[in-house]
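Report on the structure given below.
Protein chains: 2
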Amino acid sequence: MARTQRVVPREADVSNLEAVATRLRRKVIDMTTEAGSGHPTSCLSCADLVAALFFSEMRWDPSAPDAVDTDTFVLSKGHAAPILWAVLSEAGVAMEPLSSLRRFGSTLEGHPTPSSPWVKVSTGSLGQGLPVANGIALANRMDRIDADVFCLLGDGECAEGAVWEAAQFASANGLSSVVAIVDVNGLGQTGSTAYGRDTGVFARRFEAFGWSAIEIDGHDMHAIRDALFRARSERPAAILARTVKGKGVSFLEDALDMHGKPLDAGQREKALEELGDPVTRVVVMSHRVGGGRVPASSNPPPIEISYEPDAAVATRAAFGTALAKLGTVMPDLVVIDGDVGNSTGTLVFAKDHAERFVQAYIAEQNMAGVAMGLAACGKRPVVASFAAFLTRAADFIRMASHSQLPHLVFCGSHVGVSIGEDGPSQMGLEDLSLFRALGHSTVLYPADAVGAERLTEQAVLTPGIVYLRTSRPKTPVLYPNDAEFPVGGSKTLRTSYGDAFTIVAAGITVFEALAAHDQLKERGIATRVIDAYSVKPLDGVTLAKAAAETRGIVVVEDHWIDGGLGDAVAAELAQTGYAVPVRRLAIIRQPQSGDPRALIENLGISTADIVREITRMSGEPNL
Amino acid sequence: MARTQRVVPREADVSNLEAVATRLRRKVIDMTTEAGSGHPTSCLSCADLVAALFFSEMRWDPSAPDAVDTDTFVLSKGHAAPILWAVLSEAGVAMEPLSSLRRFGSTLEGHPTPSSPWVKVSTGSLGQGLPVANGIALANRMDRIDADVFCLLGDGECAEGAVWEAAQFASANGLSSVVAIVDVNGLGQTGSTAYGRDTGVFARRFEAFGWSAIEIDGHDMHAIRDALFRARSERPAAILARTVKGKGVSFLEDALDMHGKPLDAGQREKALEELGDPVTRVVVMSHRVGGGRVPASSNPPPIEISYEPDAAVATRAAFGTALAKLGTVMPDLVVIDGDVGNSTGTLVFAKDHAERFVQAYIAEQNMAGVAMGLAACGKRPVVASFAAFLTRAADFIRMASHSQLPHLVFCGSHVGVSIGEDGPSQMGLEDLSLFRALGHSTVLYPADAVGAERLTEQAVLTPGIVYLRTSRPKTPVLYPNDAEFPVGGSKTLRTSYGDAFTIVAAGITVFEALAAHDQLKERGIATRVIDAYSVKPLDGVTLAKAAAETRGIVVVEDHWIDGGLGDAVAAELAQTGYAVPVRRLAIIRQPQSGDPRALIENLGISTADIVREITRMSGEPNL
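Protein chains in written order, with numbering that gives the first Met the number 0: chain A, 0 to 622; chain B, 0 to 622.
Next comes the structure, spelled out in structure tokens:
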């Protein structure tokens, strides 16, 4: 793949870079001994690579962590965090003292997190760096910023499939700014990796995935410099560096049982003595490549919604419709889909905004990682797939939640048993639980097309990680086109003086609840019906009112019984302690293929089930 | 890699196999038209491959779905389920009529599930078949059953990283019984795949991952037969078959927009006419390879536990100790770890039972898939990693829950903020939520070493998916060596007449609760302390008693606030509706690196936080 001519500010000479590497090794040993934990040997193997990158190859500015027009470094082998802190320190970056490593309150965490301004995305769950690097490279390409992205991986982590999802994505999309550097030290945590220091194995794999591969001795500074030079014109490029874990300290080199162990004071002295204390005459000259980001969206005007009152529209379709409208007014909106765009609804966006639609194919981990990289660069990514398949990216979603990203929306379609015939493998039944559990997340679940459009709008405007849950079947339009759906709100659809019970529903069960209301009314039982479209945060005020004013609450949802809306309502109301029971109707038996109606009715979340439960409750003496 | 000589019962001739393939295509079209949904074109592309496999290559017995000494077929491209039902029907298997495809109650589901006895593990989430095939192959090798495992994949799904995790595992472990067959039809759901029908791309990848690769025309029955023959001596082998989606029906061949769409009645007639209705003179001769499984463990006697009362032992270490003991008395116990055995505790088992320890390296998806395959073959697999990294396999765990496996244990170590300095990337904070949400799961969470050993024992004896949560720090031994820990139970550690409040804890927070009890006692507030070691199922009776007898409940846990023990307790008590409040103390702010004590105290789950919360509650007028 072609690449642009690279202007390097000034190339440090080899002897100085070697001295820098030694100084980094000293710092790593000092820091980790001081901290009493950490992974010094995993840092020593890559010290030469990191010295060359930061002091000779990368175009960056030690005074400007927020510069957008510089090369990016992604430390995929996150346990080597001390080498990153060491090189930043050596480059004169203003930061906390290295002795604060791993201390509470320090930004020099055990694995990199964005509490340091030099870290775009948290790493430390191996195999995630390259997908993130892809996302950063993609954001740069969209904004015409001609910067490179260097990703440092361990050899052990190349067993992670996510690395190969990312490798395919980079070559298939011609991401010529991505360079992977693999620190092949041959040792994992418990012993040798599968291939020792056989860089050829990794070279063949990267080549088979469409990359250039360059094998070198990772402690030969000439070779490192040559490889980085070669990698400028052969992209995406992977540099496979044979290294020695613990390099530079005799009793650490290739030592088993030293993974993740700091030295004691005596070992530290001995190590520092062996390393020596060279003086360097090299500084990092700051360099920018120029260019800037497409401005972030200012708050756009509300989208125009126009459904006929009698229409039946799937929420997944309405999501796509809204996305396409939002794309027109939000230049930073980027949509990523895993080859199911005609099912999730994103193909509508793809048609109107092809330049901001990313086809991630069937590789959900890389898809999420790309979104994390995009989000870290100020884009507003919307990731869509079947809700069931978003679970494939659960660890990425977890790490995204630790990455304090400004905006990142996931939309999961085809939720619950209401998908019908395709069967359990395609049913999102754990997705509310997955996204609710995250520390700082918003979970939205529309019942009709108007709600779906408005909540799509809310989703892209709400900070942090937002999950939007859409359904496969068409549902009747329930709300007027100008209805508002604030995050944290709910819609009370039926209520009257003297409501005896409350039905809380969301998505397709709202319609079951409405039908149950009518049937119960005929039996003389008045019920309140609440559409809890904002699963997190919940509308606690409305729920508390219902708990105070009615004799019992039934929560009905198309999800496994644990971890979803029922838990959320129970936990919300339990805080204060209401004497009314909260009963959960949800999936408790193994689903199977079948007509959606048959599944809803046989698996316990139908109108009849609600009617039965409330009729039973109305006969309980204590209520 | 060497392989054994294969005896094939009788090889059908090519013209008969071609006729079988045509008959399969007819059946697929009939079934899916009748069902009104499904993926006929995805079946038509692999009809020739499937005909050759079942009618010529595989050693199996159409009358014995439960035979353990036959070759296994894994349909990784699960949306092609109708081709599997068609070939079973064509082979004369006793089964429901093909017209019941996708109907409620039929075992002929939209994607394969073990509701059919011919399916070992549910498929339909792409990329999972090959890891499962590895597990089946491993089980066969352990039991010296010389059978092969054929896994049929789509080309689109080869973008999934799990495929490459599995490819590495198979070659690194010399699994010479595994054959992957990739149906390279070049079309995904929304359009072309990344590489069209370029089988060379996939061949180079499999070769780089240590496999033999054989490229063929997937509609040339001679070539298919030759490839299967070649694959007998070159293992693991991947057959890359160039095919045409919709093959055999002119208006379906390579048609865009026909993915996942059935034909209407008119199209069906036309298709059947084009295909013709050949007669075949071939039957499947049943064939067994001989051998049987190592007998399943009968209930072993309770393990001997011996801790000193003053000892401090991490639950993760006790888990390893118990595993090693159980391995001695349970011949079907197999332990799989992702290169963190010295952290999770499994290295103790590995030392004593090397032949039943599987090193899965850093590839958690394949690790889980291998375990699913092992479990489907009657093994009792225990999968161990950091709890955080089990989220990497969330989609596999989801599918495992749909696979009705007899026994499958996951152990997640290093949970919560109490891991300390390593920081958030290594903290399991979503794991209770992940495993609670599954439809049929058991979740256990010991506080001390005795509990950890007993619950490890319970875990391997309990049917279905069991999650065991262990902690990094050493904790004091709390229980006598003969204490019992039944699933669904709890331990009331402190109680007295007149308890005002209840503290429900688990794992490390049990010790915070005990200290809080003492401090509150000094303030004149009597508290009950419950160790809720069985998170699912909960001990509802004990909790209800506490709700009835005390004025409020505080649940404290080292987990994000949503989806964990707090939700479980709230939902349990809300069923009946107690007037006492249930307050959740859990992680609500972004964790970071730091001393475990600093994290526990700064993030709101310490003794002081419990004392503060209960003191506040004791001052609330309504309680």
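Just so you know, even glycine gets a beta-carbon here, dropped at the ideal spot from N, CA and C.
Cβ shell of residue i (< 8 Å), same chain only, five flanking positions each side left out
i	result
Gly252 (chain B)	For the record, residue 252 (chain B) in the displayed sequence is Glu; it is not Gly. The answer, listed in chain order, is Val243, Lys244, Gly245 and Lys246.
Gly91 (chain B)	Pro61, Val282 and Val283
Nearest-angstrom Cβ-Cβ length linking residue i and residue j, presumed shorter than 8 Å
i	j	result
Gly562 (chain B)	Ser402 (chain A)	With 8 Å as the limit, Gly562 (chain B) and Ser402 (chain A) do not qualify as a contact, their Cβ atoms being about 20 Å apart.
Gly539 (chain B)	Glu571 (chain B)	5 Å
Phe510 (chain B)	Gly551 (chain B)	Actually they do not touch by this definition, with Cβ atoms about 21 Å apart.
Ile180 (chain A)	Asp68 (chain A)	No, Ile180 (chain A) and Asp68 (chain A) are not in contact; Cβ-Cβ is about 22 Å, not under 8 Å.
Thr508 (chain A)	Asp557 (chain A)	6 Å
Arg576 (chain B)	Ala353 (chain A)	The question names Arg, yet the displayed sequence has Gly at residue 576 (chain B). Not quite, the Cβ-Cβ distance comes to about 54 Å (not below 8 Å), so this is no contact.
Interface flag, residue i vs chain B, CB-CB below 8 Å
i	result
Met371 (chain A)	no
Lys303 (chain A)	Note that residue 303 (chain A) is Glu in the sequence shown, not Lys. Closer than 8 Å: no.
Asp498 (chain A)	no
Ile28 (chain A)	no
Ile469 (chain A)	For the sequence presented, residue 469 (chain A) should be read as Thr rather than Ile. Chain B contact via Cβ: absent.
Ala573 (chain A)	yes
Ser285 (chain A)	no
Gly422 (chain A)	yes
Thr122 (chain A)	yes
Thr589 (chain A)	Note on identity: in this sequence residue 589 (chain A) is Gln, with Thr being the wrong assignment. Closer than 8 Å: yes.
Those residues which DSSP pairs with residue i across a bridge
i	result
Trp559 (chain A)	A:Ile586
Thr501 (chain A)	A:Arg527 and A:Ile552
Thr71 (chain A)	A:Val148
Arg241 (chain B)	B:Val183 and B:Asp216
Proximal residues to residue i (C-beta, below 7 Å), its chain only, five neighbours per side dropped
i	result
Glu17 (chain A)	Met220
Ala295 (chain B)	Asp331 and Gly377
Gly275 (chain A)	Thr21
Phe348 (chain A)	Gly319, Leu322, Ala323, Gly326, Val334 and Phe356
Gln4 (chain B)	Confidence is the limiting factor: at Gln4 (chain B) the pLDDT is only 49, short of 50, which leaves the residue's position unreliable, though a coordinate-based value still follows. Answer for Gln4 (chain B): no residue qualifies.
Ser99 (chain B)	Ser105 and Leu107
Leu23 (chain B)	Ala46, Val49, Ala50, Ile82, Ala85, Val86 and Glu89
Residues of its chain near residue i, where Cβ-Cβ distance is below 6 Å and the 5 sequence neighbours each way are ignored
i	result
Val328 (chain A)	Pro299
Ala132 (chain B)	Val73, Val148, Cys150 and Val177
Ile213 (chain B)	Ala226, Arg229 and Ile238
Ala316 (chain B)	Gly344
Ile215 (chain A)	Ala222, Ala226 and Ala240
Beta-carbon proximity of residue i to residue j, cut-off 8 Å
i	j	result
Gly153 (chain B)	Lys76 (chain B)	yes
Ala374 (chain B)	Pro380 (chain B)	yes
Ile335 (chain A)	Ala399 (chain A)	no
Asp70 (chain A)	Trp59 (chain A)	yes
Ala545 (chain B)	Ile524 (chain B)	no
Tyr623 (chain B)	Tyr532 (chain B)	The question about residue 623 (chain B) has no answer here: the residues shown for chain B are numbered 0 through 622.
Gly411 (chain A)	Ser440 (chain A)	no
Pro580 (chain A)	Ala573 (chain B)	yes
Gln188 (chain B)	His110 (chain B)	no
Glu420 (chain A)	Gly593 (chain A)	yes
Gly160 (chain A)	Ala202 (chain B)	no
Test: residue i CB closer than 8 Å to a CB of chain A
i	result
Asp466 (chain B)	Reading the sequence as shown, one finds Tyr at residue 466 (chain B) and not Asp. Not an interface residue.
Ala1 (chain B)	In this prediction, Ala1 (chain B) scores a pLDDT of 37, lower than 50, which makes its location untrustworthy; the coordinate-derived value is nonetheless stated afterwards. Not one chain A Cβ lies under 8 Å of Ala1 (chain B).
Arg102 (chain B)	yes
His110 (chain B)	yes
Val581 (chain B)	yes
Phe388 (chain B)	yes
Pro620 (chain B)	no
Met57 (chain B)	no
Arg435 (chain B)	yes
Ser36 (chain B)	yes
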